[in-house]
Structure formats: structure tokens, C-alpha cells
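Here is the structure we will look at.
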Amino acid sequence: DKHISIQRHLADLEKLADLREGEFTKAVPQNTHLCVKDKKKPCPLCPEEKFKACYSHKLHRHLQNLHWKVSVEFKGYRMCICHLPCRPVKPNLAGDQTLSKMGAHYHCIICSATITRRTDMIGHINRHVNKGETESRFITVRAPTNEVIKESATDVQVLPNHSTPQKTDSYFNPKMKLNRQLIFCALAVLAEERKPIECLDAFGATGIMGLQWAKHLRSSVKVTINDCNENSVKIIKENCHLNKMKVKLNTKEGDSDGTVGDGEENTDTIEVTRMDANVIMHLRSFDFIHLDPFGTSVNYLDSAFRNVRNLGIVSLTSTDISSLYAKAQHVALRHYGCNIVRTEYYKELAARIVIAAVTRAAARCNKGIEVLLAVALEHFVLVVVRVLRGPSTADDSAKKIRYLIHCQWCEERIFQKEGNMVEENPYQQLPCDCHGSMPGRTAVVLGPLWSGSLFNTGFLRRMLLEAVQYGWGEAQPLLKTLVCEAECTTLKHFSTHGPGDENKQEECGVYIKTSNTSAESYVVPGKRKGEEVMRGAKRQRAEHSAEHPAFYYNVHRHSIRGMNMPKLNKFLNYLSEAGYRVSRTHFDPMGVRTNAPLAQFKTVLMKYSTPTYTGGQAEGPVHLPGDVQVEEEVAAAADAKEEDAEFPEEDKSGVADAVSTPSYPTDCAAD
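Everything in the sequence shown is counted per full-length UniProt numbering, starting at 1 for the first residue and increasing by one.
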């Protein structure tokens, strides 16, 4: 039976007083008084030495004010405060236990624990709820079943606290839907190259990702879902049966149990294992491996590259954004061995940090990598690489890990030159002259970072085709942006209408403008042999002769104070007309990826910006502190623009003389 302090109504506590005194009274409705007896009644939750027996009206006031008002409610029950000697008392200095000094406490309705403070009792109940322990021995109402969530035609059941990874075994984050779609598209592209492929979801949790692979790709893949937690493995098995999938258990090496679900529609089989992720990747070989641990994935990279097959794919999702986004720089140094600071391009910096760690792990296994995709969004960093066996490819990949010189004043950046020789003045590598015009040290060395390309254009185009084929609506806009970013072009190359050009390819109603090389390299239907895959990979690497520019500039960061900058799409056209490669970037909605130097970037931005207040702008040009060269160009452009409005036709020579006069020194310009 439940403890007497756990009741539904206040009247139930008053009835306990009658039972304690040996008087049985009739039940009365809630919040009404019992028949008052002339005999005094004791409190059922207080000892006699603490509260003496009293009449009914005083007892009702005592129970309501001392016990009922400070109770804790759970599923219609009230856990009232209890003063009885239920909880053991710590012995005092004399060594005896005095029951009269017993403190107040609560009795948990779920586990019968005794807790002294009300706030601690509320937290204790919340912990039970977070763990899914809502079933009580005293509550006859049946606890609710696990919630079933449907995503991309796949059903998974999760616990009520599925969004808290520290408190659940079935962590499920709906915000990672885009991440799961990108990984699925990458796997679908690999499945077109060779069939069947063995793929591993090393951290299954609910098994949603592996279930989507098996449900949509079917016989093209052999899915293995792994998790080291026993409760997670149980949930994965239940989700497999929920989606009418056969389950093959393999908890130990060589131990296989063919447990089959009761479904008849789908005959696909999913292997479920319960091992440490490092162990299963050491024991078996896979064509596709996905790592999605809680936090950093550097602890599993060596095992992932140990047995992955040649031309296979390794994808990893890192959620330790506090360290990657330079909020915890000491953690980034500890996990990735990289020195970083907060910059305007911090998201791309995070992607290059992860790729550098992946490159070093692959090189230790005499394997090189080819980066197919690198995405950094608000709450995760996704990297997808293709594995290339051989020490020569490992050396080529390792050579692309360099240090980055970053100017903290104007945020100009450049990778250090190759070679081991120490330069006398490293500041000369930066295009800006902030070191000469500003006192002290103005630049820092960041890294080591990946200096190569972040995207494979042909692979991204094939991923876009797969996204259209399977109806992944969330991934299509991002993939279009990634293709434009990889080619450093704008979105005008995409068309949803019928093509009239022979350089366009058609699939699933979407037409993508491609070159003959990419179409030959990637759009090859049917099954490929090993030699054809090798030749396709070589053509893919040859496609990257003109890589996209590294990093990007934020337009708001470099805008001129007091000036209205042009629209972003118009500004991209202005830079393109000036002869520079330009595109938008998914890392920053206001970022511009271009090969233009920062000085020219500011010049074009200033040229097409309009003053906020026309009257104030007529007094003189806007000065850019710390950049004398840009200041001169801006002043000349502003004077030339106002020449026709402020000076007559015969005074243009004077304007030309004013423009051609030498600029002031840096200290005078600053004043």
C-alpha cells in the first residue's frame, strides 16, 4: 500500500484521523467537512509530542495549512509533508536517536524514497519522468506508451525524453532531419557505383538513419546498425519490427541470431549489433561508415579508416560546436590540436579543422581522402570524404594541411606557403598592409587546417538528383547552393524548365546545367566495375583543377558606416562584372565567396553604396581607417561621382588636380 501521506483529496487525510482514533465515518464529497465529533482527534502525519489531539475544526486547519499547501502533485496524487519517524535519523554526539527531533520529509510515489526538501522532491520526480519512469506501484492508471514519430516514411518509437541525450537511451533530434537527408543522398550516389554495399551506422540510438537506408535503397545496401547501449539495441529491434524489417542480431563476434519480424511486406534484413564503435570497425570492413557520436568524433577516426574499403565513403557529424566555433578554444586545441580564434568565417574554419583531423587519421593508415562535401550549420558540422588507398595519395592529402595567417584588424587571410624555410617577415604574405600602418602585431597564425577544396561538384550534382528522386525537399535548396558554391557561380545556372541545350541533363523533372566532363564522369547509369570506378575517380580529381576560392567575406562586416550597401545579388553581379569569380555560401547568408582581394572587395562595395544622408555625404568622402590605399580609391570615386553636380563644366580641371593630390599620412588621416 502507498504511504498515508500520499492522498488525492484533503478529506482523505481527515478520514485518516478518524481511522487512527478508531472511529469510522461515512465518506463525504471533496472539499467538505466530516461530521464533527466531540472527541479530540490526533494528526495522522504528526507524532503526538509534536501536535496534540484537537477538535475537528482545528485539525482541518492544521492539515490544510501545514501538510496540504506544501504538497507535491503528480498524476492527481498529492505527496504531503510527513513528520512521522519514517526516515532514519543520523546519530548525535551522544549516540542516541531521538524520534522527537525527526525532520519533515516527503515520500516518493514512484520509488518510495524519503526526501526532506520540497524543491528536491520536485527535482526527484522530474528525473523519474525524464528517464521514462512514470509507472508507480500505487497508481492504477496505465502509463502512456512510447511516442511514435514518422520521418521520411519511416516510423520510430522514442521515449518521452528523447530530446535530452544525457538522460535517454533513444536520443532523437528532429532538427537533424536535413543532416540525415544529406547522408542518405551520399549513400545513394555510392549505391549507384557498386551494388551491394555494406554500410554501418555506428551510433544507432533509435535506428532512424539505418532504417531509412534499408527502406528506400532496399537490396542495394546491407545495413548494420550498432550501439553499445543495451536499451538502445532493444529500441532499434522494436523499430525494425515496426517498419516490417527482418532483424539479424549479432551481439558478439561469430554469434548470430536470426530473429525475424512478423512483417510480410518487406523482406529486407537489418543487422543489429551491440558493440563499441571502435571494436566493430576494427573487426569488419565496410563500404560506407557514418559516425555521429554525442560531441567530437576524433576518438573513432582511426578505427573508421582502418578497414574501410577502397573508394568507400566515411561521413561524420560533429556536434561539439562550442569548440569548433571558437567558443571553447582550449577544447579545440585539446581535441583537434588546432589554434583558432573567433573570425567572420568561423563556420568554414570549423569544417577545415574537422577535415584536417580526418586527413591525419587517414594518413596514419596509408590512405588519402577526397573531400566530397563539407557543411557547417547552426548545430552540427558534416564532412563526407572518399577514401583513396595508397601512400602517395596519403602524402598528397597530408600536404594540403597548412597554417593560416589571419589579420585581426581587417580580417584578411591567406594560407602559408609550402616549404619548411622560415621567412624573415611572415606579414609580407598578407595582401593587406595593416602591419605597416598599425602599431604592434596585427596577425595571428591559425591551424593547422585543410587548405584544399571543400566540395566535389560532380558528386554534389548526383546528390541533388537523388534528392529530387526520393523527394527530400529540405535538402534540395542546400544542395543547389553547394553546387553553385563549388563552382563559384550563382543560382542562375539552375532551371526547372525543359532544356534546349545539349549540355543539360534531365532526370526527375529537374535540369541542371553541367559541363561535358561532369556528365561523362558522373551520370553513368547501371552497375560499374572496379576499373570503371577507378577511372571515374580519376576524372573526378581532374575536375578540381580550378578549385573554389578559400573562405568568404561578410558584407555587413566590411560595409561602410553611413552608407547603404547594395542588394546582395546586385553586389554579386558587380563583382562578376569586375572580372572576379563570385558566389554565395551556405556558411553565412550574408557571405560572399570570391577570389577578389579584400581591398578590391571594399572598393566595389563602396562604389555601389549610397549615402544614408545626402546632405552629410556632400561634405566629404567616407574614410576607411587603417587602409590608405582603399581610402584613396574611395575618395577618388566619390569626387568623380560628384563632379557633375557640384562643379561647372569649366572647373573640371581643378577637380582632377584635387583628385591627383597625394593622400595624407596615416596619422593625419586617422585624426
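Just so it is clear, CB atoms sit at the ideal spot from N, CA and C, and this is done for glycine as well.
Just so you know, these numbers come straight off a predicted model, no measurement behind them.
So is D395 buried or exposed if we call it buried at 16+ other beta carbons inside 10 Å?
Exposed: under 16 other Cβ atoms inside 10 Å.
Under the three-state reduction of DSSP, which class applies to I225: helix, strand or coil?
It is a strand residue.
Residue interval of the alpha helix (DSSP H) (run including C199)
No alpha helix (DSSP H) contains C199, which is instead part of the beta strand (DSSP E) from I197 to D201.
Any heavy atom of the ligand FAD closer than 8 Å to the Cβ of V70?
With respect to the ligand FAD, the structure shown offers nothing to examine, as it has no ligands at all.
By the DSSP assignment, the alpha helix (DSSP H) with L211 in it spans what residues?
In the DSSP assignment, L211 falls within the alpha helix (DSSP H) that extends over I208 to L217.
Whole runs of the beta strand (DSSP E) within the segment 410–453, excluding any shorter than 3 residues
Segments of the beta strand (DSSP E) lying fully in the segment 410–453: 413–415 and 443–450.
Between the alpha carbons of R342 and V604, how many angstroms are there, rounded?
Near 26 Å, if we compare the C-alpha coordinates of V604 and R342.
Comparing alpha-carbon positions, which option in N307, K246 and A356 lies nearest V298?
Closest option to V298, Cα to Cα, is A356.
Between L200, C338 and H379, which has its C-alpha nearest R309's C-alpha?
Restricting attention to L200, C338 and H379, the CA atom closest to the CA of R309 is found in L200.
I'd like to check one pair, E474 with Q212: are the Cβ atoms closer than 9 Å?
By the CB criterion at 9 Å, Q212 and E474 fall outside the cutoff.
Own chain residues within Cβ distance below 6 Å of K15, not counting five before or after
Contacts found: none.
Collapsed DSSP secondary structure at V630 in the structure displayed
Reliability fails at V630, whose pLDDT of 45 lies under 50, so the model's placement of it is uncertain and the value that follows must be treated cautiously. Annotated three-state conformation of V630 is helix, per DSSP.
N-terminal and C-terminal residue of the alpha helix (DSSP H) that C375 is part of
The sequence given here places Val at residue 375; Cys does not occur at that position. No alpha helix (DSSP H) contains V375, which is instead part of the beta strand (DSSP E) from K367 to A376.
Beta strand (DSSP E) segment containing G458, residue limits:
Per DSSP, G458 belongs to no beta strand (DSSP E); it is in the alpha helix (DSSP H), T457 to Y470.
Considering only the alpha carbon of each residue, which of I149, M245, N231 and K175 lies closest to K131?
Nearest of I149, M245, N231 and K175 to K131, Cα basis: N231.
Which class does P611 belong to by DSSP, given the choice of helix, strand or coil?
Note: P611 maps to strand in three-state DSSP.
Could you pull out every residue in the same chain whose Cβ sits closer than 6 Å to the Cβ of V582, ignoring the five residues on either side in sequence?
Excluding positions up to five away in sequence, the list reads L572, L575, S576 and T594.
Mind reading off the beta-carbon distance from V189 to E370? Whole number of angstroms is fine, and I expect it under 8 Å.
Not really, about 13 Å apart at Cβ, beyond 8 Å.
Name the DSSP beta bridge partners of V129, please?
None, per the DSSP bridge assignment.
Considering only residues of the segment 287–331, which uninterrupted alpha helix (DSSP H) runs meet the minimum length of 4 residues and lie entirely inside it, listed in chain order?
Qualifying alpha helix (DSSP H) stretches, in chain order: 301–307 and 321–324.
Do the CB positions of M563 and P611 come within less than 9 Å of each other?
In this structure, the beta-carbon distance from M563 to P611 falls below 9 Å.
Same chain, Cβ closer than 8 Å to K58, neighbours up to 5 away in sequence not counted
Sequence-distant Cβ neighbours of K58 in its own chain, meaning closer than 8 Å and more than five residues away, do not exist here.
Nonlocal neighbours in the same chain, by C-beta distance under 7 Å from M275, ignoring five residues either side
Cβ neighbours of M275 beyond the five flanking positions: N226 and C228.
Considering only DSSP beta bridges, list what V604 is partnered with.
In the DSSP assignment, no residue is bridged to V604.
If you run the structure through DSSP and keep just helix, strand and coil, what is R386?
R386 falls in the strand class under three-state DSSP.
N- and C-terminal bounds of the alpha helix (DSSP H) containing T393:
P391 to A398 is the extent of the alpha helix (DSSP H) around T393.
Just to confirm, is the Cβ distance from R386 to L311 under 9 Å?
Yes, they are a contact pair.
Do V233 and V279 have their CB atoms nearer than 9 Å?
Going by beta carbons, V233 and V279 fall outside the 9 Å limit.
Does the distance from the CB of S56 to the CB of K41 come in under 9 Å?
Contact annotation: S56 and K41 have beta-carbon atoms nearer than 9 Å.
Please name the residue or residues paired with V592 in a DSSP beta bridge.
Paired residue(s): Y553 and R584.
In the structure shown, what three-state DSSP assignment does Q408 receive?
Under the three-state reduction of DSSP output, Q408 falls in the coil class, being neither helix nor strand.
Below 8 Å on the Cβ atoms is my guess for C410 versus A443; work out the distance and round it to an integer in Å.
So it is not a contact: roughly 10 Å between Cβ atoms.
K69 to I149 span [Cα, whole Å]
Rounded to whole angstroms, K69 to I149 spans 39 Å at the Cα level.
According to DSSP, simplified to helix, strand and coil, what is I183?
It is helical.
What are the boundary residues of the beta strand (DSSP E) that includes M79?
First-last of the beta strand (DSSP E) with M79: Y77 to M79.
Nearest-angstrom Cα separation, counted from K367 out to A304:
A304 and K367 have their C-alpha atoms roughly 12 Å apart.
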